[in-house]
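When the letters of the sequence shown are read in order and numbered with the numbering used here, they come out as residues 103 to 348.
Here a beta-carbon is modelled for each residue, glycine too, at the ideal position from N, C-alpha and C.
Data first, discussion second: the structure below is written as structure tokens.
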Amino acid sequence: MDHVDHILIVDDDREIRELVGNYLKKNGLRTTVVADGRQMRAFLETTPVDLIVLDIMMPGDDGLLLCRELRAGKHKATPVLMLTARNDETDRILGLEMGADDYLVKPFAARELLARINAVLRRTRMLPPNLVVTEASRLLAFGRWRLDTSARHLLDADGTMVALSGAEYRLLRVFLDHPQRVLNRDQLLNLTQGRDADLFDRSIDLLVSRLRQRLLDDAREPAYIKTVRSEGYVFSLPVEILGDQS
């Protein structure tokens, strides 16, 4: 029997969760709807799912806290698509930092949500092309830093580990796999999240800012990630691929 993807929808708005659940069901997906984090936890204790649609703005434990909890527990590999308020860039970037695989702003078309769900499911079942290039290597060296691609740790010149969020790691990997090449925002979003930017999307700019902070890169005169006016960003240093260090 062919596998039918099971989608868990977590939203305190009954109308939204029922409309979304019915639409996805009509389009060949198995759906379960719950109203809050308590119900989500109880359901996941007994039933595995293929993807979770998680609203950020909920009373009690909000979607950001629940996403962080999922990423720290036994469901850390389950894809999460977050629903956010329009123009709330802080929620978008925090959602990605907590480990969300994608986000969609409200109000949204059910057809777009279905397309995003299918795209996330495809991406999680295959290694993205941009991560294949150097995956066999354990360390990538650039400037005073090294990136351990196995442990996903950033190491400074003294070997001190700097933790990276999932979103920061994916963005850094894209830059390191395409050094000294200008990448626009659409390319960066497509390579890291498999989608294009919309008019109000500044998530890449915010992620670049946070990644610069991790690299101790001065935003006024950056040495690593430089802004190319009207074009995008470029990782300006060469990258050395080191062998297995184990």
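Membership of VAL151 in any alpha helix (DSSP H) is not indicated, and neither H nor E is assigned to it by DSSP. The secondary-structure analysis by DSSP pairs TYR205 across a beta bridge with MET184. A Cβ-Cβ separation of about 6 Å places PHE145 in contact with VAL136 under the 8 Å criterion. The three-state secondary structure of MET159, taken from DSSP, is coil.
Non-local C-beta neighbours of GLY162 in its own chain, meaning closer than 7 Å and more than five positions away in sequence, comprise ASP138, GLY139, ordered along the chain.
Between LEU273 and GLY334, the C-beta spacing is not below 7 Å.
In the structure shown, TYR271 adopts helical secondary structure according to DSSP, grouped into three states. Of GLN141, LYS176, LEU198, the smallest CA-CA separation from LEU166 is found for LEU198. For the options THR186, GLN141, GLY123, the alpha carbon positioned closest to that of THR133 is the one of GLY123. In the structure shown, LYS176 falls within a coil segment according to DSSP collapsed to helix, strand and coil. Looking only at LEU172, GLY245, ALA253, the smallest Cα-Cα distance to ALA259 is reached by GLY245. In the three-state DSSP reduction, PHE244 falls in the strand class (E or B). The shortest CA-to-CA distance from THR329 to any of LEU206, ARG287, THR262, ARG119 is the one to ARG287. Taking ARG316 as the centre and dropping the five residues before and after it, the same chain places the C-beta of LEU256, VAL264, LEU266, GLU270 closer than 7 Å to its C-beta, in chain order.
Pairing LYS208 with ILE306, the inter-Cα distance amounts to about 19 Å.
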